[in-house]
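Quick note: the sequence shown uses numbering that gives the first Met the number 0, first residue 0, plus one each step. Cβ coordinates follow ideal geometry from the N, Cα and C atoms, glycine included. Please read these numbers as outputs of a predicted model, since none were measured by experiment. Below you'll find the structure, written out as structure tokens, and then a few comments.
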Amino acid sequence: MSSLPEGTRGADGWPIAIGQAARRAGISAKMVRHYESLGLLPRVMRTDSGYRQYGEADVRQLRFIRRARDLGFSLDEITVLLGLWSNRGRASASVKRIAQRHVDELTDRIASLQAMQRSLKALLNDCHGDEGPDCPILDDLAGDTDRRTASLN
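Structure below.
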């Protein structure tokens, strides 16, 4: 990591400050610092007074991270994907395996959420929602299925 004199910019406008890099990547400056602290983004150049300076490649990497997060990849998966992205000798099969494993996890999570939804809908259907104290939802949460069964009869 090197240091740049204050106000140094190339003819193409790079490097840029953290706020501008964050805006271009569609994330907050706090997330940029977080990703850098996790090692997802390499340490960047700094000005003489210590301000971070980001290049085009840094912003592309931040966009990659943001998109991977949008798709629900874990930070560990993103680390591996970043390594594959930067390795032109990679096998696309490696990337596909990671993506397929993630799809399988999402499928399992969706099935679990749908099961929760069905259970809650059944509880909502059983609840009178009136001024009375009996509540099958609370009974279920408390694990009091005997009371719930008795109140339904």
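Opposing strand residues paired with residue i [DSSP bridges]
{"i": "Ile-109", "result": "Ile-109 pairs with nothing; no bridge assigned."}
{"i": "Ala-16", "result": "Gln-52"}
Alpha-carbon to alpha-carbon, residue j and residue i
{"i": "Met-44", "j": "Arg-51", "result": "6 Å"}
{"i": "Asp-47", "j": "Ser-73", "result": "35 Å"}
{"i": "Gly-71", "j": "Ala-20", "result": "22 Å"}
{"i": "Arg-49", "j": "Leu-105", "result": "In the sequence on display, residue 49 carries Gly and not Arg. Distance between the alpha carbons of Gly-49 and Leu-105: 41 Å."}
{"i": "Asn-86", "j": "Lys-29", "result": "28 Å"}
{"i": "Ile-26", "j": "Ala-141", "result": "41 Å"}
{"i": "Asn-152", "j": "Ser-111", "result": "Note that Asn-152 scores 49 on pLDDT, short of 50, meaning its location in the model is unreliable and no value can be drawn from it."}
{"i": "Trp-84", "j": "Leu-39", "result": "12 Å"}
{"i": "Asp-138", "j": "Ile-109", "result": "26 Å"}
{"i": "Ile-102", "j": "Gly-128", "result": "It should be noted that the sequence gives Val, not Ile, for residue 102. Spanning the two alpha carbons is a distance of roughly 39 Å."}
{"i": "Ala-15", "j": "Lys-120", "result": "Correcting the residue type first, residue 15 is Ile in the shown sequence and not Ala. The alpha-carbon atoms of Ile-15 and Lys-120 are separated by roughly 51 Å."}
{"i": "Thr-78", "j": "Glu-55", "result": "19 Å"}
{"i": "Pro-41", "j": "Ser-93", "result": "23 Å"}
{"i": "Leu-122", "j": "Asp-107", "result": "23 Å"}
{"i": "Gly-18", "j": "Gly-88", "result": "34 Å"}
CB-CB length for residue i against residue j, believed under 8 Å
{"i": "Leu-80", "j": "Ala-67", "result": "6 Å"}
{"i": "Pro-132", "j": "Asp-125", "result": "Not quite, the Cβ-Cβ distance comes to about 15 Å (not below 8 Å), so this is no contact."}
Sufficient close CB pairs (3 or more, under 8 Å) joining the region 85-101 to the region 114-121: Judged by pairs of C-beta atoms under 8 Å, the region 85-101 does not touch the region 114-121, as fewer than three such pairs exist.
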